[in-house]
Structure formats: structure tokens, C-alpha cells
Amino acid sequence: MHTLGHTRSTNQRDHLLHTPDTFIRTVLPGMVNAAAIVHISPVAGAAFTQYTAELHLGGSISTTAAQRFLYVIEGSADLATATSFQSLTPGSYAYLPAAAEHTLTATASTRLAVIEKTYQPLPNTAAPSLLIGHEDDITATPLMGDPDLEVRGLLPDQPAFDFAVNTMTYQPGAALSMVEVHVMEHGLLMLQGGGIYRLSDAWYPVTAGDFIWMAPYCPQWFGALGKQPAKYLIYKDWNRHPLG
Ligand code: UGY
Ligand code: MN
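If you use our numbering, the sequence shown corresponds to residues 4 to 247, in order.
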């Protein structure tokens with residue numbers, strides 16, 4: 004249904020809001036019976052790529068050149084690597100090092116958040132290895148002491164990792180305690196609930212299913228609205244010197 008050209012999606016110099024009414028699907032190399040909604044990539048100014056992969060039952064994705072992080076939003080899938088075989092459910096996630104051989108096969112209609120980034124090695128530090136986990140096993144930390152704003156770091160806090168992926172859960176009415184302005188960029192997928200996101204000099208209503216990219220130094224703030232918690236998955240580049 005057309006809406007006379009109206010959408011909440013917007014593409015600005017230092018941020019992008021990508022809402023489901025504007026999603027276009029494409030098939031990426033290695034996808035079988037699956038499609039990707041590419042939310043952000045280097046052509047739009049980011050140093051990483053993030054997409055939602057939609058897999059039909061039996062559909063699959065496989066090995067890619069860059070390091071890959073995936074998080075199961077909905078459905079179920081089997082992840083086979085050279086050394087492991089694991090069934091994934093909503094909240095499961097995996098970190099796959101660059102070029103690590105793997106095939107993920109959907110055992111039901113499945114949606115995944117997928118983040119890919121070229122690895123930035125650190126001298127005298129071994130690159131991270133394969134990691135598979137579940138969000139339920141991660142201890143929540145209150146952000147700046149606020150018990151109504153829980154952060155779960157899905158990747159270990161180790162310098163070998165050049166990015167971080169967290170979930171952040173806001174109780175209704177909870178908000179970031181400050182407007183953040185920082186060198187890291189973000190890819191953010193709203194998983195549940197909604198609220199108001201300040202990005203640069205604009206305030207946007209956002210809801211589950213929306214994607215946001217924040218460029219380095221994009222002023223950012225979020226406050227949760229509604230009667231259910233708001234939750235998002237958030238990527239940031241991490242643990243590396245700004246000069247590379
Ligand atoms: O980790 C972060 O920078 C996070 N607090 N940013 C955000 O939620 N926009
Ligand atoms: Mn931030």
C-alpha cells in the first residue's frame with residue numbers, strides 16, 4: 004500500500020533510519036533460499052555491513068571473507084563449522100572469524116541480524132576464535148548504575164575483538180542519562196518496544212523492526228515509551244586506535 008510518498012526512513016550525513024516499509028530484499032553470495040535486507044554498508048559511509056537475513060525452512064548462508072557476527076531474532080537454525088555443530092534459537096549468537104568455514108541452515112522460517120567487518124589485527128595479539136553463545140547466559144549490567152537500563156555484552160571484553168555487540172533493555176520511561184557523542188559508529192536494530200531516538204539535531208519515533216546507523220560523533224540519545232520494555236541490539240567498533 005503506498006502512503007503518498009511518506010516514510011519515517013531518512014538518510015542523513017551522520018545517521019540513517021531504515022524502517023520496514025522501505026525494505027528491499029536482495030540475495031547475497033552464499034545465500035540459498037534466503038534474502039538479505041542490507042541496512043548499512045560502506046557505500047553509505049559505514050566501516051561495516053549490517054543486514055537482516057531472512058531464511059526459508061532449509062535455506063542457508065555460508066562462509067564469507069570478513070569476520071561475521073550473527074544473532075537469531077526469530078526461528079531456529081543449525082550452525083555447522085569445521086569444529087562444531089550447534090542448534091540456534093532466538094537469542095543465540097555466533098562470532099565467526101574471517102573466512103571461517105561455516106554453513107547455517109534454517110530449521111524453520113528464520114530471521115537473523117548479521118554484522119560483517121574486515122578484521123583489524125593488533126600486533127602480538129591472536130585474532131579471536133569461533134564463539135557461540137546465548138543472550139540468556141550473559142549477566143546484565145546496569146548502565147551508569149541505572150537498574151532500569153540493562154546492558155548485555157555478547158562478546159568477551161578482550162582487546163582481540165575489534166567490535167562489540169550488546170543488547171540494551173530499557174524499562175518503560177528509562178532513558179540514556181546523557182546525549183552521547185563518540186568516535187565509535189553504531190548499527191542498531193530495534194528488537195522490541197519503542198521510544199524516541201535523538202540522532203544529531205532530530206528526534207525520531209522508533210519501534211521494533213527499525214534499523215539505525217549512527218556515524219562517528221553523531222549525537223545520540225534514547226528514551227523508551229510505551230508499556231513494555233524497549234530493547235535493541237547495538238554494534239560498535241571497539242578496542243582500536245582511531246588512527247587504525
Ligand atoms: O554503547 C553505547 O555507546 C550506547 N550506550 N549507545 C547508544 O545506546 N546509543
Ligand atoms: Mn553510543
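Even glycine gets a Cβ: it sits at the ideal position worked out from N, Cα and C.
Asked	Found
Pull up the distance between the alpha-carbon of Thr146 and that of Asn169, whole angstroms please.	Note on residue identity: the sequence assigns Leu, not Thr, to residue 146. The straight-line gap from Cα to Cα measures roughly 12 Å.
With a threshold of 8 Å, are at least 3 pairs of Cβ atoms found where one atom belongs to the stretch 131-140 and the other to the stretch 84-101?	yes
Could you check how far apart the C-beta atoms of Thr210 and Met193 are, in whole angstroms? I think they sit under 8 Å.	6 Å
What would DSSP say about Pro23, mapped onto helix, strand or coil?	helix
Put Glu104 into one of helix, strand or coil per three-state DSSP.	coil
One question on the structure: do Asp165 and Tyr122 come within less than 8 Å of each other, judged by their Cβ atoms?	yes
What's the call for Val41, buried or exposed, on a 16-neighbour Cβ count within 10 Å?	buried
Looking at Gly198 and Phe225, is the spacing between their C-beta atoms short of 8 Å?	yes
Per the DSSP calculation, Arg11 is bridged to which residue(s)?	Looking at the DSSP assignment, Arg11 forms no beta bridge with any residue, so it has no partner.
Please look up how many angstroms separate the CB atoms of Ala37 and Ile64, rounded, as I've assumed it's under 8 Å.	6 Å
Rounded to whole angstroms, how far is the Cβ of Thr110 from the Cβ of Ser79, which I believe are closer than 8 Å?	5 Å
Check whether the Cβ atoms of Asp149 and Ser112 lie closer than 8 Å to each other.	no
Using a Cβ-based criterion (distance less than 7 Å to any ligand heavy atom), does Glu188 qualify as near ligand 4?	As for ligand 4, it is missing from this structure, which binds only ligand 1 and ligand 2.
Residue range of the beta strand (DSSP E) that Leu179 falls in?	First-last for Leu179: undefined, no H or E at that position.
With H, G and I counted as helix, E and B as strand and the rest as coil, what does DSSP make of Asp140?	helix
Comparing the CB of His18 with every heavy atom of ligand 2, is any distance shorter than 7 Å?	no
Which class does Pro162 belong to by DSSP, given the choice of helix, strand or coil?	coil
At a cut-off of 7 Å, is Glu57 close to ligand 1 when judged by its beta-carbon and the heavy atoms of the ligand?	no
Measuring only the C-alpha atoms, how far is Asn14 from Ile141?	34 Å
If you reduce the DSSP assignment to three classes, tell me which class Pro232 lands in.	coil
How big is the Cα-Cα spacing for Ala233 and Val184?	22 Å
With Arg94 and Asp139 assumed to form a contact (beta carbons below 8 Å), what rounded beta-carbon distance in angstroms separates them?	The sequence shown places Gly at residue 94, rather than the Arg named in the question. Indeed they touch by this definition, with Cβ atoms about 6 Å apart.
If you measure between the beta carbons of Leu202 and Cys221, is that distance less than 8 Å?	yes
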